[in-house]
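Numbering (UniProt numbering), first residue to last: 1 to 328.
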């Protein structure tokens with residue numbers, strides 16, 4: 001008798017299990033966070049991504065009642081931390097703060113252990129920071145027209161430094177060269193800090209940098225600003241034109257920052273994190289701290305942020321292919 005009923009019992013247990021699993025996940029989502037949360041920062045401590053993560057970690061901890069611990073996992077253009085996020089359980093206890101460089105990786109690297117679109121989920125937008133094109137004080141240019149005239153009269157005579165091949169300081173400058181028909185010589189460094197040091201000393205001639213990183217050297221006259229890269233003038237440099245105003249039509253580069261989670265993270269967790277980040281970004285102290293780093297905070301729906309990430313991934317994939325840039 002028992003043997004004859006066994007298939008029926010098993011079928012019933014399977015049905016119960018099928019309903020119980022989603023219920024358990026939903027319960028897990030409503031309880032989140034019930035323990036400390038790790039925020040991966042894909043670059044070294046002291047950089048802008050690290051600062052964004054740490055400023056918001058403090059506010060998230062106060063809002064959600066659990067520690068939010070920043071874990072710096074720098075290296076390989078941010079792909080080490082991103083791979084860790086892709087492998088993490090999608091339960092909301094491993095998150096990542098990254099910038100727009102996230103969308104470069106799939107096109108730049110030949111053998112990534114993850115697929116950004118498949119494995120990584122955008123959660124909350126934080127803000128964006130326009131960059132500024134600066135030149136060493138010995139270079140005889142003061143405007144974008146001067147810069148391009150010199151570059152075209154002596155192809156390859158003007159060089160620019162960056163934090164490495166495929167970095168946020170490399171790709172937009174390569175695009176600038178492509179859009180203007182100029183040959184600009186790329187000089188990669190192991191980080192933007194060493195490159196900036198060489199720019200100030202006159203060893204290299206130009207760089208595209210975040211405004212706060214280079215502002216002290218602009219104020220001291222050690223480097224000269226030429227144009228900003230956003231779609232509007234920067235409050236920090238109100239008299240400086242944008243690259244578009246300077247004649248580079250269609251050029252806009254203002255890298256964004258945001259929170260990410262492993263794909264498959266429960267919607268309840270995503271919603272709670274999104275709401276907590278948005279609340280933190282309404283705090284005047286947070287806005288001021290991020291503004292000091294040149295980040296212009298903006299309230300944005302998660303759906304719009306997902307659309308921006310997808311659009312940037314498609315655009316930069318095409319651009320990187322056109323530039324012929326590839327990492328091992």
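Ideal Cβ placement from N, Cα and C applies to all residues, glycine included.
Note that the structure is predicted; figures quoted are calculated from it, not measured.
Inter-residue Cα distance where the pair is residue 176 and residue 251: Taking the Cα positions, residue 176 is about 8 Å away from residue 251.
Own chain residues within Cβ distance below 6 Å of residue 33, not counting five before or after: 64, 66
Contact belief for residue 194 with residue 170 at Cβ below 8 Å, rounded distance in angstroms: Residue 194 to residue 170, Cβ: 14 Å. No contact.
Three-way DSSP call (helix, strand, coil) for residue 111 in this model: Coil at residue 111, not helix or strand.
Whole-Å CB distance - residue 116 paired with residue 313, under 8 Å assumed: 7 Å
DSSP-derived helix/strand/coil call for residue 140: coil
Outcome for residue 270 when other beta-carbon atoms lying within 10 angstroms are tallied against a minimum of 16: buried
Classification of residue 210 by the beta-carbon crowding that lies within 10 angstroms, buried from 16 upward: buried
Rounded Cβ spacing between residue 204 and residue 161 (contact assumed at less than 8 Å): 4 Å
Local conformation of residue 278 per DSSP, three classes: In the structure shown, residue 278 sits in a helix (DSSP, three-state: H, G or I).
Buried or exposed by the 16-neighbour rule on C-beta atoms within 10 Å, applied to residue 168: buried
Three-state class that DSSP yields for residue 255 in the structure shown: coil
Endpoints, beta strand (DSSP E) assigned at residue 283: Unbroken run through residue 283: none, as it is neither H nor E.
Option nearest residue 263 by Cα separation, candidates 122, 182, 112: Residue 122 is the option with its Cα nearest to residue 263.
Beta-bridge pairing of residue 72 - partner residues as DSSP gives them: 41
Rounded Cβ spacing between residue 184 and residue 95 (contact assumed at less than 8 Å): Between residue 95 and residue 184 the Cβ distance is about 37 Å, and since that is not below 8 Å, they are no contact.
Best match in 253, 84, 179, 83 for proximity to residue 148 [C-alpha to C-alpha]: 179
DSSP-derived helix/strand/coil call for residue 34: coil
Touch test, the region 195–202 against the region 277–288, Cβ-Cβ under 8 Å, three pairs minimum: no
Residues of its chain near residue 294, where Cβ-Cβ distance is below 6 Å and the 5 sequence neighbours each way are ignored: 129, 210, 211, 212
Option nearest residue 120 by Cα separation, candidates 324, 318, 54, 310: 310
Own chain, CB closer than 8 Å to residue 159, minus 5 neighbours either side, in chain order: 184, 185, 186, 187, 204, 205, 206
Beta-bridge pairing of residue 242 - partner residues as DSSP gives them: 228
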